[in-house]
Structure formats: structure tokens, C-alpha cells
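The sequence shown begins at 308 in this note's numbering and counts up by one.
The beta carbon of each residue, even a glycine, is placed where N, CA and C say it ideally should be.
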Amino acid sequence: MRWGIAVIASVWMTIPSIAQEADVEFNKWSCFPFTREALYDFEVNKSRVRVNNLNIEDGVAFITKAPTISFSATVANRTDVNVAVTVELVGMSGGKPVFALSGDAGFGFVAAGKNDEVKGTIVATRDTLKKAGTICVRVGGFGQTE
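Next comes the structure, spelled out in C-alpha cells:
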């Protein structure tokens, strides 16, 4: 919970300095209108590591049936080293956060020369996604050396 609040706070303080449709880079926040098309077009590709195929959707928790928001993204690691990749998302409405998600690959890294999925889920009130007009995304990346 504290970590989620820290993410929201860091985005909240960063929002005024982020240009709409800015160039997307690793370890930088990018904000853009929250549409399915914008998510499909989102991609970070640098140093032979690509993150794309971002998807976010409403859902229901398996056991509790609580409403959820889940996201996933694809990571292609074409390097010779393992890379740690995280994705953080904050949905905004009127300059205020309405949801925050973060996730990483299953074991915390993507193996050299492999593809993997980054995903995360939160419990949220119904229709929370519909409230967000802007989404801010940060893809964190770090290469593991031996």
C-alpha cells in the first residue's frame, strides 16, 4: 500500500513537467490520452529490449469476485544478459490519480534472448477505468551483468 501511494505521489508531482505524447523512453514517465489505440501503439524499444502490447482491462478476482483492474505487456529481450523490467501505470482524471498499477516479469527478470510478460492486478471499484482520461506509463529497465 505504501509503495502504491509513493508511485501516485511521484507521478502527481511529475505530471506538470510531462508533455502529452512525449517521446517514450526507459525510466521516464510518458502521459497520453487513455484509449485502447494509444495502449496498442505504446512501445519502448532501446538497446535490444522492447516492451509493447500493453493491455489493461476490468476483471473479477477468482475467489472473492472483487472487481479488479489488470494489465499486461510483452517484453522481448534480445540482449545477452538478463534484464529486470517493470511497468508502472497511473490513470488520471482532471489532473488527479484514479488508479495505479505496477508489475514485473514472473521471476523479476527476463532471461537473455527470451520473451516474457509483465503483469499486475489491483482491486478497484467498478468502472474505475472509465474515469481515467489520461494514462501515465513508466517502463523501468536494468541490464544484469555477470
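For Asp-423, there is no enclosing alpha helix (DSSP H); the enclosing beta strand (DSSP E) covers residues 422-430. Excluding five sequence positions before and after Ala-383, the CB atoms of its chain that fall closer than 6 Å to its own CB belong to Arg-357, Asn-422, given in chain order. DSSP places Lys-438 within a helical segment (H, G or I) once states are collapsed to three.
Excluding the 5 residues flanking it on each side, Ile-363 has same chain C-beta neighbours closer than 6 Å at Phe-378, in chain order. Secondary structure at Ala-380: strand, using DSSP grouped into helix, strand and coil. For Asp-348, the enclosing alpha helix (DSSP H) stretches over residues 343-348. Judged by DSSP secondary structure, Ser-409 falls within the beta strand (DSSP E) whose first and last residues are 403-412.
In terms of Cβ geometry, Gly-447 and Val-390 do not form a close pair [threshold 7 Å]. For Val-388, the three-state secondary structure derived from DSSP is coil.
By DSSP's assignment, Phe-449 forms a beta bridge with Ala-391.
For the 7 Å CB-CB criterion, Thr-381 and Asn-359 form a contact. One Cα belongs to Gly-440, the other to Asp-434, and the distance between them is close to 13 Å.
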